[in-house]
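Visitor:
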Ligand code: SF4
Ligand code: SF4
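Residue numbers (the numbering used here): 29 to 455.
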């Protein structure tokens, strides 16, 4: 009976999760190409450095250390969760215990992790609600964003409490103990007066509560900022290898230039007649797949905004907001495009209606945000693409830039002087 209930719950979880993934996949299909992913070796190294060893998070040593321990703790606890699933499906008890000493080490690490994660989650909640940490309270964060953060923290805390409950009452209710649970072994004597039958019930209760919460958590993650639990490692792997300041050329423009310089080239001949659908980014579907992946990965931690010179000097721009807006906009418009086709419009657009022109032009392209982001999210390239749309399709650059563009066109330089006068200074 236990197995049937467990397998039914697991199938429902897999079904709902697959549906969420399918919806996200259909949104990815609307996005545009990004630079090809090459240099796998370098990318693996970058993933180890930034995702697994959490290099950039240690810039803030105290919060960074706690966050890194929570991340590593989760990785260890994941093994225990896999074991619970195997046990539930196969009707076994501690199915991975055949691993011997490795099992003991994993269980001990998981047990220790559960306690410090529970403790750090309390610290995170106190930091968030009682300490005035500016980066956690930007005006771009809605009430829903804050509720999402508290809800996920409360859920993780409950997950850890049920894991601790599982371990403590396992020690009290079982005649033979498989695995090592160092902290729970110290805690268990406090509950020694609980009758054996009740301990067994509490063990079973925590076991079920723990796994049902995992299933529930897995299914709300795709709709939460905590989706970064799944997305952060792939996003770091797919992150940028080139220097942050390097701008990507637009492929359609490169083709045009090559065609002008050498009409014979095979490169220019290949689909050069294809009309360009859009220069830059106007709406969510014009973003490339990496921009959209970035938006799903963002944890809304605000580290980017806390170093942004535009944001710090009171301008409209918050780099964090850009990706919150992109994710929301894709959710809002993407489902209609999927159903009704690419021509669907709701009379709004990301650029102009949701991300305003003052935000887009406030960026200095200093790249501080991209450097600070622990998840390799790249804001400036997205901002540049929105500017490309404004300049190339709308001629809507700020007046100062229009002057520069006119000078480049007429004089081949941003200054107001003729090319012929360029060397006059030598005289
Ligand atoms: S690149 Fe732009 S958005 Fe990023 S920190 Fe600099 S000014 Fe802010
Ligand atoms: S873009 Fe990066 S630094 Fe900024 S809020 Fe998101 S995760 Fe944090």
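Using N, Cα and C, we set each Cβ at its ideal position, and we do this for glycine too.
Which whole-angstrom value describes the C-beta separation of residue 456 and residue 131, a residue pair presumed to lie in contact below a C-beta threshold of 8 Å?
Guide: Outside the shown range of the chain, which is 29 to 455, sits residue 456, and nothing can be said about it.
Visitor: In terms of residues, what are the limits of the alpha helix (DSSP H) holding residue 226?
Guide: For the purposes of this step, residue 226 is taken as the residue at position 198 of the chain shown. Unbroken alpha helix (DSSP H) run through residue 226: 224–248.
Visitor: Would the C-beta of residue 328 count as close to ligand 2, meaning under 7 Å from any of its heavy atoms?
Guide: Your numbering for residue 328 matches position 300 in the chain shown. Yes, the beta carbon of residue 328 sits closer than 7 Å to at least one heavy atom of ligand 2.
Visitor: Answer yes if the stretch 355–368 comes into contact with the stretch 170–181, meaning at least three C-beta pairs across the two stretches below 8 Å, and no otherwise.
Guide: No, the stretch 170–181 is not in contact with the stretch 355–368.
Visitor: Given this structure, state the Cα-to-Cα distance separating residue 316 from residue 309, to the nearest angstrom.
Guide: Here residue 316 refers to the residue found at position 288 of the chain shown. Here residue 309 refers to the residue found at position 281 of the chain shown. Taking the straight line joining both Cα atoms gives about 9 Å.
Visitor: What do you get for residue 341, buried or exposed, if any count of 16 or more other CB atoms within 10 angstroms of its CB means buried?
Guide: Numbered from its first residue, the chain shown carries residue 341 at position 313. Looking at its Cβ environment, which holds fewer than 16 other Cβ atoms inside 10 Å, residue 341 is exposed.
Visitor: Return the bridge partner residues of residue 316 from the DSSP annotation.
Guide: By 1-based counting over the chain shown, the position of residue 316 is 288. Answer is 60, bridged to residue 316.
Visitor: What runs of the alpha helix (DSSP H), each 4 residues or longer, lie entirely inside the stretch 370–401?
Guide: Runs found: 385–390, 396–400.
Visitor: Thinking C-beta only, is residue 153 closer than 8 Å to residue 183?
Guide: Indexing the chain shown from 1 puts residue 183 at position 155. Indexing the chain shown from 1 puts residue 153 at position 125. It is not a contact, given that the beta carbons lie outside the stated cut-off.
Visitor: Only counting the same chain, and skipping five residues up and downstream in sequence, which positions put a Cβ closer than 8 Å to that of residue 249?
Guide: Locating residue 249 in the chain shown gives position 221, where the first residue counts as 1. Result list for residue 249: 255, 257, 258, in chain order.
Visitor: Report the residue from 276, 288, 366 whose alpha carbon sits nearest the alpha carbon of residue 411.
Guide: On the chain shown, residue 411 is found 383 positions in, with the first residue counted as 1. Comparing Cα-Cα distances from residue 411 to each of 276, 288, 366, the minimum goes to 276.
Visitor: What whole-angstrom Cβ distance do residue 333 and residue 163 have, given they're in contact under 8 Å?
Guide: Indexing the chain shown from 1 puts residue 333 at position 305. Indexing the chain shown from 1 puts residue 163 at position 135. The Cβ separation is near 6 Å, so the contact holds.
Visitor: Between the Cα of residue 327 and the Cα atoms of 263, 313, 286, which residue gives the shortest distance?
Guide: Here residue 327 corresponds to residue number 299 of the chain shown, with the count starting at 1. Looking at the Cα atoms, 263 is the closest of the given residues.
Visitor: Suppose you measure from the CA of residue 93 to the CA of residue 46; what does that come to, to the nearest Å?
Guide: For the purposes of this step, residue 93 is identified with residue 65 of the chain shown, where counting begins at 1. For the purposes of this step, residue 46 is identified with residue 18 of the chain shown, where counting begins at 1. Approximately 34 Å, taken between the alpha carbons.
Visitor: What ranges does the alpha helix (DSSP H) occupy inside the stretch 109–197, keeping only unbroken runs of at least 4 residues that lie completely in it?
Guide: Taking only runs of at least 4 residues, the alpha helix (DSSP H) segments lying wholly in the stretch 109–197 are 129–158.
Visitor: Can the beta-carbon of residue 34 be found closer than 8 Å to that of residue 116?
Guide: Counting from one through the chain shown, the residue named residue 34 turns up at place 6. Counting from one through the chain shown, the residue named residue 116 turns up at place 88. Yes; because the gap between Cβ atoms is below 8 Å, this pair is in contact.
Visitor: Cβ of residue 38 within 8 Å of Cβ of residue 112?
Guide: Counted from its first residue, the chain shown places residue 38 at position 10. Counted from its first residue, the chain shown places residue 112 at position 84. Taking 8 Å as the Cβ cut-off, residue 38 and residue 112 do not qualify as a contacting pair.
Visitor: Who are the near neighbours of residue 335 in its chain, counting only those whose CB is closer than 6 Å to its CB and skipping five residues on each side?
Guide: Reading the chain shown from its first residue, position 307 is the one you call residue 335. Here the set comprises 396, 400.
Visitor: Using a Cβ-based criterion (distance less than 7 Å to any ligand heavy atom), does residue 345 qualify as near ligand 1?
Guide: Reading the chain shown from its first residue, position 317 is the one you call residue 345. At least one heavy atom of ligand 1 is nearer than 7 Å to the Cβ of residue 345, so yes.
Visitor: Leaving aside the five residues before and after residue 195 along the sequence, list all residues of the same chain whose C-beta is less than 6 Å from its C-beta, in chain order.
Guide: Taking the chain shown and counting its residues from 1, the one referred to as residue 195 is at position 167. Once the five neighbours on either side are set aside, the close Cβ partners of residue 195 are 139, 209, 212.
Visitor: Using a Cβ-Cβ cut-off of 7 Å (strictly less than) and excluding sequence neighbours within five positions of residue 85, which residues of its own chain qualify?
Guide: Counting from one through the chain shown, the residue named residue 85 turns up at place 57. Excluding residues within five positions, the ones whose Cβ falls inside 7 Å are 92, 95, 96, 402.
Visitor: I'd like to confirm something about residue 405: is its beta-carbon nearer than 7 Å to some heavy atom of ligand 2, or not?
Guide: For the purposes of this step, residue 405 is taken as residue 377 along the chain shown, with counting starting at 1. Residue 405 Cβ: within cutoff of ligand 2.
Visitor: Can you give me the Cβ contacts of residue 365 inside the same chain, cut-off strictly under 8 Å, excluding the 5 residues immediately before and after it?
Guide: Residue numbering aside, residue 365 sits at position 337 when the chain shown is read from its first letter. Within the same chain, residue 365 has close Cβ partners 58, 313, 372.
Visitor: For residue 330, name the three-state secondary structure that DSSP assigns.
Guide: Here residue 330 is taken as the residue at index 302 of the chain shown, counted from 1. Note: residue 330 maps to coil in three-state DSSP.
Visitor: In the structure shown, what three-state DSSP assignment does residue 423 receive?
Guide: Here residue 423 refers to the residue found at position 395 when the chain shown is read from its first residue. Looking at residue 423 - three-state DSSP - the assignment turns out to be coil, as it is neither helix nor strand.
Visitor: Hey, would you say residue 193 sits closer than 8 Å to residue 230, going by beta carbons?
Guide: Taking the first residue of the chain shown as 1, we reach residue 193 at position 165. Taking the first residue of the chain shown as 1, we reach residue 230 at position 202. Going by C-beta atoms, residue 193 is nearer than 8 Å to residue 230.
Visitor: What does the alpha-carbon distance come out to for the pair residue 200 and residue 378?
Guide: Here residue 200 refers to the residue found at position 172 of the chain shown. Here residue 378 refers to the residue found at position 350 of the chain shown. When rounded, the distance between both Cα atoms is 57 Å.
Visitor: When the Cα atoms are used, what is the spatial distance from residue 233 to residue 376?
Guide: The residue you call residue 233 lines up with position 205 of the chain shown. The residue you call residue 376 lines up with position 348 of the chain shown. The alpha-carbon atoms of residue 233 and residue 376 are separated by roughly 50 Å.
Visitor: Compare the beta carbon distance of residue 346 and residue 166 with 8 Å and say whether it is the shorter of the two.
Guide: In the chain shown, residue 346 corresponds to position 318, counting from 1. In the chain shown, residue 166 corresponds to position 138, counting from 1. Contact flag set, yes.
Visitor: How long is the line joining the alpha carbons of residue 404 and residue 219, rounded to whole angstroms?
Guide: Within the chain shown, the letter at position 376 stands for residue 404. Within the chain shown, the letter at position 191 stands for residue 219. Cα to Cα, residue 404 sits roughly 46 Å from residue 219.
Visitor: Closest to residue 185 by CA distance: which of 251, 148, 215 is it?
Guide: Taking the chain shown and counting its residues from 1, the one referred to as residue 185 is at position 157. Looking at the Cα atoms, 148 is the closest of the given residues.
Visitor: Within the continuous alpha helix (DSSP H) that includes residue 338, where are the two ends?
Guide: Numbered from its first residue, the chain shown carries residue 338 at position 310. Looking at the DSSP string, the run of the alpha helix (DSSP H) that includes residue 338 is 337–340.
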